[in-house]
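Under numbering that gives the first Met the number 0, the first residue of the sequence shown carries the number 0, and numbering increases by one thereafter.
The beta carbon of each residue, even a glycine, is placed where N, CA and C say it ideally should be.
Notes to accompany the following structure.
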Amino acid sequence: MKQYINVGLIGYGTVGKGVVKILEENKKIALRKVGKPIRVKSICDLRPIDRPELYVKNFRDIIKDPEIDLIVELIGGYEPARTILIEALKAGKNVVTANKAVLAKYWDQIFTTAQDSQTSIYYEASVGGVIPVVQGLSKGLASEEILEIKGILNGTTNFILSEMTKNGITYEDALKSAQSAGFAEADPSFDVNGIDTANKLAILSSLAWGGWIKAKDISVKGISDLDIEDVLITQNFGYDVKLIGSAEKTKDGVDLSVQPCLVNHDHAFATVENEYNAVMITGKDSDDVLFYGKGAGQQPAASSVVSDIINLSKFIVTNTAGIIPDVVYDKKIKIKVLPSGKSKASYYLRFAILDKHVLSKISGILGKFKVSIASLTQSDISDNGCAQIIIITHKTCRKNLEKALKQINATKSIVKSKVVKIKIEI
Ligand code: HSE
Numbered sequence: 000m001k002q003y004i005n006v007g008l009i010g011y012g013t014v015g016k017g018v019v020k021i022l023e024e025n026k027k028i029a030l031r032k033v034g035k036p037i038r039v040k041s042i043c044d045l046r047p048i049d050r051p052e053l054y055v056k057n058f059r060d061i062i063k064d065p066e067i068d069l070i071v072e073l074i075g076g077y078e079p080a081r082t083i084l085i086e087a088l089k090a091g092k093n094v095v096t097a098n099k100a101v102l103a104k105y106w107d108q109i110f111t112t113a114q115d116s117q118t119s120i121y122y123e124a125s126v127g128g129v130i131p132v133v134q135g136l137s138k139g140l141a142s143e144e145i146l147e148i149k150g151i152l153n154g155t156t157n158f159i160l161s162e163m164t165k166n167g168i169t170y171e172d173a174l175k176s177a178q179s180a181g182f183a184e185a186d187p188s189f190d191v192n193g194i195d196t197a198n199k200l201a202i203l204s205s206l207a208w209g210g211w212i213k214a215k216d217i218s219v220k221g222i223s224d225l226d227i228e229d230v231l232i233t234q235n236f237g238y239d240v241k242l243i244g245s246a247e248k249t250k251d252g253v254d255l256s257v258q259p260c261l262v263n264h265d266h267a268f269a270t271v272e273n274e275y276n277a278v279m280i281t282g283k284d285s286d287d288v289l290f291y292g293k294g295a296g297q298q299p300a301a302s303s304v305v306s307d308i309i310n311l312s313k314f315i316v317t318n319t320a321g322i323i324p325d326v327v328y329d330k331k332i333k334i335k336v337l338p339s340g341k342s343k344a345s346y347y348l349r350f351a352i353l354d355k356h357v358l359s360k361i362s363g364i365l366g367k368f369k370v371s372i373a374s375l376t377q378s379d380i381s382d383n384g385c386a387q388i389i390i391i392t393h394k395t396c397r398k399n400l401e402k403a404l405k406q407i408n409a410t411k412s413i414v415k416s417k418v419v420k421i422k423i424e425i
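And the structure:
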């Protein structure tokens, strides 16, 4: 009978340090839940660490160590993370990871390897920080036919959007503010370009529908060209701007997108500020289920990793980890994805126009492409002879709207600059 659950940690950065701290501080809680103490036996990192007695230079020494029961991968990125996960699973080790990029890109290989080697991989911290949305979706909503997943899935961009909204500052200034608050990396491109959200959406969607939805199947737009003017105008229209990852089952395929969207002031997502995340999952019988919590930061992410360690350790103690796959992945399930042009939504459009007489031209072109107007507001002509028209459309097919805007943008006698378009989510 095991005396301890021995953990090998690979990656001793911000989250790794938080994991060690929580495992030490909460060891009684873990013991009560697992029945055996959990201890960190080895830590691998590129450089020597402040715990020299645990330090291991080569990750393969952890994978080969017969005393190690569970490996935690917290280095992020694609390689050597993928190699570590695959070699660890093949060696019969159970694994915990927070690495959304590697999971989204190698979902098929990782879960096939886990199933073949009868090992488990837990990854709660990869989506939504401390929010137990992976468990919630795979276990709490196990009975459901999932119809929709919508979420604010990135703490960095939500922090930036909150700063823009609260303080009326530009994207560039809000990014600097997020960086000094520790919520944006020096290179925040994966976050602000929407890639991080797409990876998380791909994970939740694959889990929900049992096949593999790839991040590259998702239409992605980030927040870096969002103009503060639109944030302020849309506030007056009763909306907040949020970066939303959305997966919606339709009869023609799953409609997948990541983009800045307008959400009504009275929707739950409008109250999600700063580094917080929220995910709304809609099941056929459950209807809407809302998850909310801190999506970024050392302690929320580390707490989620430790929960995985505890939950997986319960199976390790009884020698049952991996016997029944935690993720039931079936590579034969092919999920049909809706072409992004067929996606239907209402939109906010802002036209910077040259004079009043262009209104009929704009409505004419929109009408020609079957884009129907729900409301229209026009500002007075200013001293420089320009005005703005704000149009809210009825639900429209994205391809038609794009064709109409292309024609309008190409007609210099109508607009002074490119028309701004933002999806209205809720
Ligand atoms: N960069 C991520 C975010 C960290 O801002 O949400 C958590 O995945």
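message = Does the beta-carbon of residue 273, which I'm using as the reference point, lie nearer than 7 Å to any heavy atom of the ligand HSE?
response = no
task: Let me know the secondary structure DSSP gives residue 2 once reduced to three states.
output: coil
- Assigned exposure category for residue 190 - 16 Cβ within 10 Å defines buried: buried
Could you pull the DSSP bridge partners for residue 259 from this structure? 242
**Prompt:** By Cβ distance below 6 Å, which residues in the same chain neighbour residue 75 in space, the five residues on each side in sequence not counted?
**Reply:** 98
Next on the checklist: I'd like to confirm something about residue 221: is its beta-carbon nearer than 7 Å to some heavy atom of the ligand HSE, or not?
Outcome noted: no
Check: Just the Cα atoms here: how many angstroms apart are residue 8 and residue 157?
Finding: 30 Å
query: Looking only at C-alpha atoms, which of 171, 247, 58 sits nearest to residue 283?
result: 247
Handout entry: N- and C-terminal bounds of the alpha helix (DSSP H) containing residue 233
Key = 227-235
(Q) If I measure Cβ to Cβ from residue 252 and keep anything under 6 Å in the same chain, skipping five residues before and after, which residues do I get? (A) 335, 336, 337
Check your understanding: Can the beta-carbon of residue 10 be found closer than 8 Å to that of residue 72?
Key -> yes
Can you give me the C-alpha to C-alpha distance between residue 245 and residue 238, rounded to a whole angstrom?
18 Å
With a Cβ-Cβ cutoff of 8 Å, do residue 132 and residue 278 count as a contact? yes
Item to complete: Quick one: which unbroken alpha helix (DSSP H) runs of 4-plus residues sit fully inside the stretch 54-84? Chain order, please.
Response: 58-63
Is the stretch 113-128 touching the stretch 224-243, taking contact as three or more C-beta pairs under 8 Å? no
- prompt: Among the residues of its own chain, which have a CB less than 7 Å from the CB of residue 402, if the five just before and after it don't count?
  reply: 368
Look up residue 314 in the DSSP assignment and say whether it is helix, strand or coil. helix
Start-to-end residues for the beta strand (DSSP E) that takes in residue 282 = 275-282
Q.
Suppose contacts are defined by Cβ-Cβ distances below 8 Å. Is residue 211 in contact with residue 205 by that definition?
A. yes
Do you know how far the Cα of residue 331 is from the Cα of residue 214? 19 Å
**Report entry** Buried/exposed call for residue 322, threshold 16 Cβ in 10 Å
**Finding:** exposed
Am I right that residue 232 and residue 260 are in contact with their C-beta atoms under 8 Å? What's the rounded C-beta distance? Rounded, the Cβ-Cβ distance is 15 Å, inconsistent with contact.
task: Check the C-beta distance from residue 54 over to residue 48 and give it rounded, since I have them as a contact under 8 Å.
output: 5 Å
Output the residue ranges of the alpha helix (DSSP H) runs that lie fully inside the stretch 3-31 and measure 4 residues or longer, sorted by chain position.
13-24
Quick one: what's got a C-beta closer than 6 Å to residue 288's C-beta in the same chain, skipping five residues either side? 280
* Indicate the three-state DSSP secondary structure (helix, strand or coil) for residue 210 in the structure shown. => coil
- Query: Does DSSP put residue 153 in a helix, a strand or coil?
  - Reply: coil
### Candidates 116, 68, 52, of which the one nearest residue 88 by Cα
116
(Q) Are there any heavy atoms of the ligand HSE lying less than 7 Å away from the beta-carbon of residue 295, as far as the coordinates show? (A) yes
Item to check | Which residues DSSP lists as bridging residue 93, in chain order | outcome: 69
Review point. Across which residues does DSSP place residue 459 in a beta bridge pair?
Key: Beyond the ends of the chain as shown, which are 0 and 425, falls residue 459; an answer cannot be given.
Return the residue from the list 222, 199, 223 that minimises the CA-CA distance to residue 216.
199
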